[in-house]
Amino acid sequence: MVIVSKSAAQQSLTVVDNRTNKVYEIPIKNNSVLATDIKKIKAQRQLDTDREEDETEQGLRVFDPAYMNTAVVQSKITYINGQDGILRYRGYPIQELVKKSNFLETAFLLIYGELPTKSQYSTWHDEIMHHTFIHSDIEGMFKSFRYDSHPMSMLTAAFSTMGAFAPEANPSLRGQKLYSNAASGNRESLEVLDKQIFRIIGKAPTLAAASYRMRQGRPFNRPAQGLSYTGNFLYLLDNLSGHQYQPHPVLEKALDALFIIHADHEVNCSTATVLQVGSSLVDPYSVIAAGCAALYGPSHGGASESAIRMLIEIGSPENVPAFMEKVEKRERVLVGFGHRVYKNVDPRSTAIRALAEEVFAVTGRNKLLDTALTLAEYASKSEFMRKRNLYPNVDFYSGLIYQAMGFPLDFYPVLFAVPRCVGWLAHWRQQMLSPGGVKIWRPRQLYLGEGEREYVPAEQRKEKSEATVFDAPVEVGHGADSKRNALATYKDESGNTWTKSKL
Numbered sequence: 018m019v020i021v022s023k024s025a026a027q028q029s030l031t032v033v034d035n036r037t038n039k040v041y042e043i044p045i046k047n048n049s050v051l052a053t054d055i056k057k058i059k060a061q062r063q064l065d066t067d068r069e070e071d072e073t074e075q076g077l078r079v080f081d082p083a084y085m086n087t088a089v090v091q092s093k094i095t096y097i098n099g100q101d102g103i104l105r106y107r108g109y110p111i112q113e114l115v116k117k118s119n120f121l122e123t124a125f126l127l128i129y130g131e132l133p134t135k136s137q138y139s140t141w142h143d144e145i146m147h148h149t150f151i152h153s154d155i156e157g158m159f160k161s162f163r164y165d166s167h168p169m170s171m172l173t174a175a176f177s178t179m180g181a182f183a184p185e186a187n188p189s190l191r192g193q194k195l196y197s198n199a200a201s202g203n204r205e206s207l208e209v210l211d212k213q214i215f216r217i218i219g220k221a222p223t224l225a226a227a228s229y230r231m232r233q234g235r236p237f238n239r240p241a242q243g244l245s246y247t248g249n250f251l252y253l254l255d256n257l258s259g260h261q262y263q264p265h266p267v268l269e270k271a272l273d274a275l276f277i278i279h280a281d282h283e284v285n286c287s288t289a290t291v292l293q294v295g296s297s298l299v300d301p302y303s304v305i306a307a308g309c310a311a312l313y314g315p316s317h318g319g320a321s322e323s324a325i326r327m328l329i330e331i332g333s334p335e336n337v338p339a340f341m342e343k344v345e346k347r348e349r350v351l352v353g354f355g356h357r358v359y360k361n362v363d364p365r366s367t368a369i370r371a372l373a374e375e376v377f378a379v380t381g382r383n384k385l386l387d388t389a390l391t392l393a394e395y396a397s398k399s400e401f402m403r404k405r406n407l408y409p410n411v412d413f414y415s416g417l418i419y420q421a422m423g424f425p426l427d428f429y430p431v432l433f434a435v436p437r438c439v440g441w442l443a444h445w446r447q448q449m450l451s452p453g454g455v456k457i458w459r460p461r462q463l464y465l466g467e468g469e470r471e472y473v474p475a476e477q478r479k480e481k482s483e484a485t486v487f488d489a490p491v492e493v494g495h496g497a498d499s500k501r502n503a504l505a506t507y508k509d510e511s512g513n514t515w516t517k518s519k520l
């Protein structure tokens with residue numbers, strides 16, 4: 018790349034296509050250029066350098082694996098500055114909201130753009146808390162799972178199932194513009210849209226608690242009126258046979274703060290999934306189920322679980338140097354440090370660090386805390402870590418709090434998903450209210466495979482020379498019954514006799 022300085026600053030990009038010697042002036046707006054403007058840069062296909070599949074004559078494409086530097090939406094919801102460690106919801110710093118707000122108030126802010134008035138908050142709170150019950154048949158769906166099913170698998174299925182119990186909320190049944198019509202101010206569409214927001218936020222803790230109780234082998238609790246959002250969640254999780262259950266205020270407050278911290282994080286993996294699926298105009302329950310499926314992954318919402326498993330494996334502070342030595346040799350992966358966006362301290366981890374001490378004062382000091390602090394201190398002094406901008410992230414401390422509060426490791430992603438429903442809904446609503454309508458997402462690819470080939474009959478085919486393990490299925494092991502079946506003789510539905518099973 019050659020950099021040439023010009024005297025007069027202009028909000029544009031001058032591009033010279035050396036293939037054609039043509040000069041293009043591309044506008045810059047909000048420090049970005051339109052990918053469709055890049056597509057206007059075209060050239061004739063060169064037979065010696067261009068493949069037919071490169072589609073050279075159709076315009077230049079932008080290749081950006083894993084969306085490393087691609088803006089896919091214009092948004093007013095969350096701002097992140099990874100270099101300076103800044104996170105703001107609708108302009109409010111995350112630290113301020115954790116100190117002064119509560120989860121439902123922050124949820125209103127994220128979805129509707131402003132902190133609610135007293136009257137607005139009262140209505141909002143009542144709507145959410147009166148949409149906490151789930152259909153009894155959904156409880157039956159939970160009971161159909163194996164006892165050892167992962168709670169996140171159950172939660173994902175539950176949100177998808179909820180859509181089947183709300184046919185009036187399905188654009189496939191009510192018309193594809195059921196929600197996108199809201200962009201014009203259509204009152205009926207806005208009402209349907211907001212009702213699903215009430216339902217999903219209200220029922221998320223109930224569904225999450227059902228997945229927990231299912232794992233415990235305990236009967237499901239019914240939502241309690243009069244408790245806070247997180248207080249009701251703790252009641253749903255823990256109440257056995259007593260009356261007037263009240264969770265400990267410190268734990269209730271800590272969980273509420275963690276919910277604020279986890280409510281949104283711009284266009285991360287799961288939010289991008291929500292927007293991708295939402296662009297097809299499917300119902301919001303399917304959208305949230307898709308978000309849960311993305312969040313489930315160990316590189317996303319499963320990271321706090323992985324961080325605790327790593328600390329358990331390290332065991333004690335004296336084992337930290339040996340573990341870090343393996344990390345620096347790239348023999349092990351350090352979980353809970355570094356972030357795709359933050360190249361400085363994760364502001365969420367700063368807010369959580371103070372919460373951790375409050376929780377430990379009630380629950381007792383987490384045995385893993387000393388190991389975690391030693392690891393963080395060691396990492397801060399490591400040249401290997403500093404060069405790579407690897408600082409403790411939100412998963413590092415949140416996992417410690419969850420463990421101190423007694424949650425099982427496999428429930429951590431669920432504790433992430435419940436509040437993240439708010440962020441997903443905020444982005445989905447913003448998408449549905451797009452003045453220009455909702456365009457279905459359809460990324461391009463660079464095709465590097467074979468060119469056009471002729472079909473070869475089976476008897477003329479030969480095995481690929483220098484074949485690798487990736488060129489055919491590997492041998493898969495089966496249960497012991499497959500050995501017995503291999504020795505059996507039977508006839509299939511067509512009457513053919515088999516002497517070896519193909520099961």
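Heads up, the sequence shown is in our numbering, so the first residue is 18 and it goes up one at a time.
A virtual CB, placed ideally from N, CA and C, is assigned to each residue, including glycine.
Quick caveat, the model's predicted, so the values are computed rather than measured.
- In this chain, R501 is not harboured by any beta strand (DSSP E); it is covered by the alpha helix (DSSP H) spanning D498 to L504.
- Here DSSP, grouped into helix, strand and coil, assigns T514 to strand.
- Taking the Cβ atoms as the reference, A186 lies roughly 6 Å from D300, within the contact range of under 8 Å.
- Of the candidates R191, E400, T178 and S201, T178 places its Cα closest to the Cα of H152.
- Judged by pairs of C-beta atoms under 8 Å, the segment 296–311 touches the segment 167–176, as three or more such pairs exist.
- For T380, there is no enclosing beta strand (DSSP E); the enclosing alpha helix (DSSP H) has its first and last residue at P364 to T380.
- I58 sits in coil when the DSSP states are folded into three classes, being neither helix nor strand.
- DSSP assignment within the segment 287–346 yields the following whole alpha helix (DSSP H) runs of 4 residues or more, N-terminal first: 301–312, 320–331 and 337–345.
- Rounded to the nearest angstrom, the Cβ distance from I111 to L104 is 4 Å, consistent with a contact under 8 Å.
- Beta-bridge partners assigned by DSSP to I97: L104.
- Straight through space, the alpha carbons of V294 and N285 are spaced by roughly 14 Å.
- P240 carries a coil assignment under DSSP once its states are collapsed to helix, strand and coil.
- A distance below 8 Å between beta-carbons, with the five flanking residues on each side excluded, links F80 to the following residues of its chain, in chain order: L463.
- Residue burial annotation: A393 is buried, with at least 16 other C-beta atoms found within 10 angstroms of its C-beta.
- For I111, the secondary structure class from DSSP, reduced to helix, strand or coil, is helix.
- A distance below 8 Å separates the beta carbons of W445 and V291.
- Pairwise C-beta distances place the segment 258–270 out of contact with the segment 216–235, as fewer than three of them are shorter than 8 Å.
- T37 has its alpha-carbon roughly 17 Å from the corresponding atom of I43.
- Per the Cβ contact rule, the segment 270–283 is not in contact with the segment 58–72 (fewer than 3 Cβ pairs under 8 Å).
- DSSP, reduced to helix, strand and coil, places S482 outside both helices and strands of the structure shown, so it counts as coil.
- In the three-state reduction of the DSSP assignment, S206 falls in the helix class.
- Listed as beta-bridge partners of D34 by DSSP are K39.
- Looking at the DSSP output, P44 sits in a beta bridge with S29.
- By the C-beta density criterion, G416 is buried, having at least 16 other C-beta atoms within 10 angstroms.
- In summary, V431 is buried, with 16 or more beta-carbon neighbours lying within 10 Å of its beta-carbon over all protein chains present.
- When P490, D412 and S303 are compared, the shortest CA-CA separation from R326 is found for D412.
- Taking all protein chains in view, the Cβ of G248 is crowded by 16 or more other Cβ atoms within 10 Å, so the residue is classified as buried.
- Close CB contacts of K384 within its chain, under the 7 Å cut and outside five residues either way in sequence, are absent.
- Of N48, P452 and E345, the smallest CA-CA separation from S399 is found for E345.
- With distances taken between CA atoms, M449 lies nearest to D211 out of D211, F487 and H317.
- In the structure shown, Y252 adopts helical secondary structure according to DSSP, grouped into three states.
- For P436, the enclosing alpha helix (DSSP H) stretches over residues Y429 to M449.
- For the 8 Å CB-CB criterion, L127 and Y106 form a contact.
- A straight-line Cα-Cα distance of about 18 Å links I418 and S333.
- Here S139 has no same chain residue with a Cβ atom under 7 Å from its own Cβ, once five neighbours each way along the sequence are excluded.
- Counting only the Cα atoms, N410 lies some 13 Å from S323.
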